[in-house]
Amino acid sequence: MSIPLSYPLMLAAALFGIGLYGALSQRNAIRILMGIELMLNAVNINLVAFAYYLEGAAAAGQVFALFIMTVSAAEVALALAIILLLAKREKHIDIEQVNLLRW
Amino acid sequence: MDFDPTRVAFIVVSAIAVVSAFRVVTAAKIMHAALWLGLTFLMLAGVFLLMGAEFLAAAQVLIYVGAITTIILFGIMLSEAAEVRGRGAAPLPVRRDDASLFRRIVLPALAVLAFVGVMVVVYSQVSWPDAPAGLGGDTVRMIGRALFTDFIIPFELAAVLLLIALIGAIVIAVRDNGRREQG
Amino acid sequence: MVELAWLIPLLPLVAAVVIAFLGKRLPGQGDRIGIAAISMAFVLSVGVLVGVMNGGTAAGSVTWAIHGDLVLRMGWEVGGIGAVMLVVVTLVSLMVHVFSLEYMKGDVRYQRYYGVLSLFTFSMLGLVLADNLLLLFIFWELVGLCSFLLIGHWYEDLDNVRAANKAFLTTRVGDVGMFIGIMLLFSQAGSFRFDEIAAAVAAGDVAGWALAAGAILLFAGAVGKSAQFPLHVWLPDAMAGPTPASALIHAATMVAAGVYLVARAFGIFEPSDAAMSVVAWIGAITALFAATIGVVMEDIKRVLAYSTISQLGFMVAALGVGGYTAAMFHLMTHAFFKALLFLASGSVIHATGTQNMHEMGGLFKKLPITGWTWLIGAGALIGIPPLSGFFSKEEILIDAYAANPAIFWVLVAAAALTAFYTTRATYLTFFGAPRDRAAYEKAHEGGMVMTYPLIILGALAAVTGFLAGPFADLVYYGHPHRAEFNTFVFGVATVVWVAGVLLALAIYKFNLVSRRRLIQAFYPIWMLLKRRYYIDDLYNLVFVRGTIGLAMVMAWIDRTIVDGIVNGVAWATRKLSGFIGEFDLGVVDGAVNGIAGAFVVGSRLFRRVQTGLFQSYALVLFLGLVAGLVILVIGG
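Protein chains in written order, with my numbering: chain C, 1371 to 1473; chain D, -1 to 181; chain W, 10 to 645.
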């Protein structure tokens, strides 16, 4: 009646990797955002898993996961606002053509 | 090995999650990618449920599946009508240019594979506890108590953060409208 | 009353916040709020001082962070030295606040000025009350920030901006050392608190090398903040700020913070002979060196700035020879008489509109109150009995004489030069014939708000010397110690100041020696002093130019190598396959195409410089993380 701790950890690693690949390889800003969301979720899996398996970590792990959800909700709202602004101004959301960081 | 329904359920849910996550990255149409993302979030809620985090599972469905996926869908519809209608849609709009291909696909893939490899090695080397420590029933009560005692300041700060994000998002979106009308 | 000491810094903080956010709508742009807050803080400080003199002490703290067994607490503490500093800081700050009412009237950034002044007062009071190195460091940086803001108050002028940057960056050099020192002491003693570190040192828990290194690194911070050699270069330039702010920050309080730091952490310095001799010699060298430059400066504020550096050198040297009480006493008297001199110079500048002493002269008749108070301040600076500076300087000299005669003679030489340049500045400004008729004609004494602070500070500069007895009972390290009167030291000190004054009068008043002749005779030395020993030029050459050069090199590396790796690997792959294909076509064709291809690739390499794509940066970042993980896995 139990799941070895390594299962959720592996799942988290896989999701994090996929999310990271998405965030690094895509040109579309919204797709990058989705990749980042996958990464954040992978982190949550780790927190919940450790909360489940480690003595005395139950409350802290789940509360931390909750905070990550809060922060990622805020992040999505802001990121989409920026993307919409970009779409309005530039008529595209191709990150390759946004080079404000260029000096 | 005994047939363990929890373990089997976990493996099935995880498999769906990984496959749909993979589709998020590779789907040709961005709308599909967003829907796959919603499915991934839903499966992760199942994972939380299997690990005794009922409250988080509910929160996952509400926040990620309900809110974030919806916002992303709205974002897609508002920002790029072209790709939604199916014109000029490419799964990985990479320029036909070796350097670009290399930077966009090969290097990230190598980095990700290296990372996952290292993590697998790390996880396999550590001796983890086999059995869960056990959460002792009422996790909602436990989280609530923790939130309002040990984590009261982070909790309040999170509230402020949400408010700031709300205002910030509105300001960013509205300010440009004003400028456009003036100009 | 002593228990309320934590309120003292909060009052100016509240004032700063109110002025910053509501200043525009308040009468006088909020200046009254600042003055009211600082007045209350002053009254409280006096109460605290009285309480401490009756034997009270107080401390408090809040838990800031818990890490395993280690509990970090942020606390305040008020003892003898703290109580005295509270009164000095609030009093001088109050005088400066009032004086600025007229001096800064109609300024473009009046509100900002008062806000920063209040913020500075808060930071300085917090620095005084902090009971641990970490909290002190936070306030230390805050006062640095306020100093930066006030030096650059008139930021339309590029020179002021440069001066502000110079001050910020120069002090930062010392602060880096200070922070390393704090961490070193923490790793050895396991605490940031002054008393706990001192206890650990006394118990022998701190290794000898770490003690010496930690103390000297802490002292590096003091060298930067107190403008000691070789980090003194920022203070003369800091005179670009408004004069009352200079009086508060760059004469009386902030620059004394370095001295205060050494005194506060004296339990760390005192057991280490190496650290003590470094402190003593840096102080003595600075005292003499700055005094020599003060002799040739033409800008009245710069004379005072070099004088401040020199006097801070006296205090530091006193600490280095173990004269704890003498150093702190000189800090207090110097705060009063130097603030007085700065405010008086502000009054002169306000009246004449120039800072160049060669354009002044004869102003005593026009500005009698300023003139008299300046005379008191100058007398205290020279050390004429019975003015306050005499007592404190005498104590320093006695302690130095007892501990290290070499230091003593260096300080005596500095005292002689002090008498000379002070007399020179006094004569050029207030006496003789007016050299600029127009400025002289329109010069007139400021109103009440300008003269009253001068009179109050003048009275203090005249009489605080008599408080040496009670002061020594209140501020001491280990056990109360007061320098015994020493006839030889008194004799030497009297001879040198009289000689300095007479020599200056001989040259500037009676023209016994032609100044031109003097300059010609000692031209190389004169030039050396005029160029401030070429130290500023040297720093400019080595650090400023050097940094720009280094930045260019780094930019080039970033452009060609970092991006080159990303793009180059792809290029290599393509090139290789291309080259094999071309080889088939024939060596000649291949060579021609290859060279052309190399140009194409080379231009691509340089065209795609610094992509500006965050994903490239994120990728490199992540590769670094993976590399770190791999090292951890292999190593662990």
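Yeah, the Cβ is synthetic: ideal placement off N, Cα and C, and Gly gets one too.
query                                                                                                                                                                                : result
What are the residues of the segment 132 to 158 of chain D that lie near chain W, defined by any Cβ-Cβ distance shorter than 8 angstroms?                                            : none
For valine 170(W), which residues of its own chain have a beta-carbon under 8 angstroms away from its beta-carbon, when the five flanking residues on both sides are left out?       : Gly161 and Tyr164
Candidates Trp85(W), Ser156(W), Gln120(W) and Lys175(W): which alpha carbon is nearest glycine 135(W)'s?                                                                             : Trp85(W)
Which residues share a DSSP beta bridge with aspartate 1464(C)?                                                                                                                      : Asn1398(C)
Rounded to the nearest angstrom, how far is the Cβ of valine 242(W) from that of leucine 328(W), given a contact under 8 angstroms?                                                  : 22 angstroms between Cβ atoms; not a contact.
Could you tell me the distance, in whole angstroms, from the CA atom of isoleucine 170(D) to the CA atom of valine 1446(C)?                                                          : 13 angstroms
I'd like to know if glutamate 1466(C) contacts chain W, where contact means its C-beta is closer than 8 angstroms to some C-beta of that chain.                                      : yes
Thinking C-beta only, is alanine 336(W) closer than 8 angstroms to methionine 324(W)?                                                                                                : yes
How far does the beta strand (DSSP E) with alanine 74(W) in it extend, from its first residue to its last?                                                                           : 67 to 76
Would asparagine 141(W) and phenylalanine 228(W) qualify as a contact pair, given that the criterion is a beta-carbon distance under 8 angstroms?                                    : no
If we define contact as Cβ-Cβ less than 8 angstroms, is leucine 622(W) a contact residue for chain C?                                                                                : yes
Should the segment 95 to 106 of chain W be regarded as contacting the segment 27 to 46 of chain W, the criterion being three or more beta carbon pairs within less than 8 angstroms? : yes
Is there a Cβ of chain W sitting closer than 8 angstroms to that of leucine 1394(C), yes or no?                                                                                      : yes
So, glutamate 454(W) versus methionine 366(W), is the Cβ gap smaller than 8 angstroms?                                                                                               : no
Is it true that the segment 458 to 474 of chain W meets the segment 390 to 402 of chain W, where meeting means three or more beta-carbon pairs spaced less than 8 angstroms apart?   : yes
Find the residues of chain D that neighbour isoleucine 1400(C), judging by a C-beta separation of less than 9 angstroms, and give them in chain order.                               : Ile28, Ala31, Ala32, Ile70, Gly73, Ile74, Ser77 and Glu78
What's the gap between the Cα of valine 26(W) and the Cα of glycine 124(W)?                                                                                                          : 7 angstroms
Decide if arginine 1401(C) is buried, meaning its Cβ has at least 16 other Cβ atoms within 10 Å, or exposed.                                                                         : buried
Between the Cα of serine 127(W) and the Cα atoms of Ser316(W), Leu372(W), Ala249(W) and Ser48(W), which residue gives the shortest distance?                                         : Ser48(W)
Kindly list, in the order they appear in chain D, the residues whose Cβ is closer than 7 angstroms to that of leucine 142(W).                                                        : By Cβ distance, chain D contributes nothing, its closest Cβ being about 26 angstroms from leucine 142(W), past 7 angstroms.
Would valine 57(W) pass as a contact of alanine 14(W) if the rule is Cβ separation under 8 angstroms?                                                                                : yes
Less than 8 angstroms between the C-beta atoms of alanine 216(W) and glutamine 197(W), yes or no?                                                                                    : yes
DSSP three-state label for glycine 84(W), please.                                                                                                                                    : strand
Once the 5 residues before and after serine 281(W) are set aside, which same chain residues still bring their CB inside 6 angstroms of it?                                           : Leu220, Ala221 and Ala224
DSSP three-state label for valine 92(D), please.                                                                                                                                     : Its pLDDT being 47, under 50, valine 92(D) is placed unreliably in this model, and the value from its coordinates should be taken loosely. The answer is coil: DSSP assigns valine 92(D) none of H, G, I, E or B.
Identify the contact partners of phenylalanine 46(D) in chain W, using a Cβ-Cβ distance below 7 angstroms as the criterion.                                                          : By Cβ distance, chain W contributes nothing, its closest Cβ being about 26 angstroms from phenylalanine 46(D), past 7 angstroms.
Looking at the structure shown, is aspartate 204(W) part of a helix, part of a strand, or coil, going by DSSP?                                                                       : helix
Roughly how many angstroms separate the alpha carbons of alanine 452(W) and asparagine 413(W), rounded to a whole number?                                                            : 48 angstroms
Any idea if leucine 1378(C) is buried or exposed, counting beta-carbon neighbours within 10 angstroms, 16 or more meaning buried?                                                    : Correcting the residue identity first, residue 1378(C) is proline in this sequence and not leucine. So proline 1378(C) ends up on the buried side.
Grab the span of the alpha helix (DSSP H) containing proline 106(D) for me, first residue to last.                                                                                   : 105 to 123
Could you give the distance in angstroms between the alpha-carbon of methionine 248(W) and the alpha-carbon of lysine 175(W)?                                                        : 12 angstroms
Could you check if asparagine 1338(C) is buried or exposed, using at least 16 other CB atoms within 10 Å of its CB as the buried criterion?                                          : Outside the displayed range of chain C (1371 to 1473) lies residue 1338(C), so it cannot be described from this structure.
If you compare alpha carbons, which of Phe157(W), Val97(W) and Trp149(W) is closest to tyrosine 122(W)?                                                                              : Phe157(W)
Mind listing which residues of the segment 1378 to 1394 of chain C have their C-beta closer than 9 angstroms to chain W's C-betas, in chain order?                                   : Leu1390, Ala1393 and Leu1394
Measuring only the C-alpha atoms, how far is valine 185(W) from alanine 289(W)?                                                                                                      : 22 angstroms
Around the Cβ of arginine 102(D), are there at least 16 other Cβ atoms within 10 angstroms (buried) or fewer (exposed)?                                                              : buried
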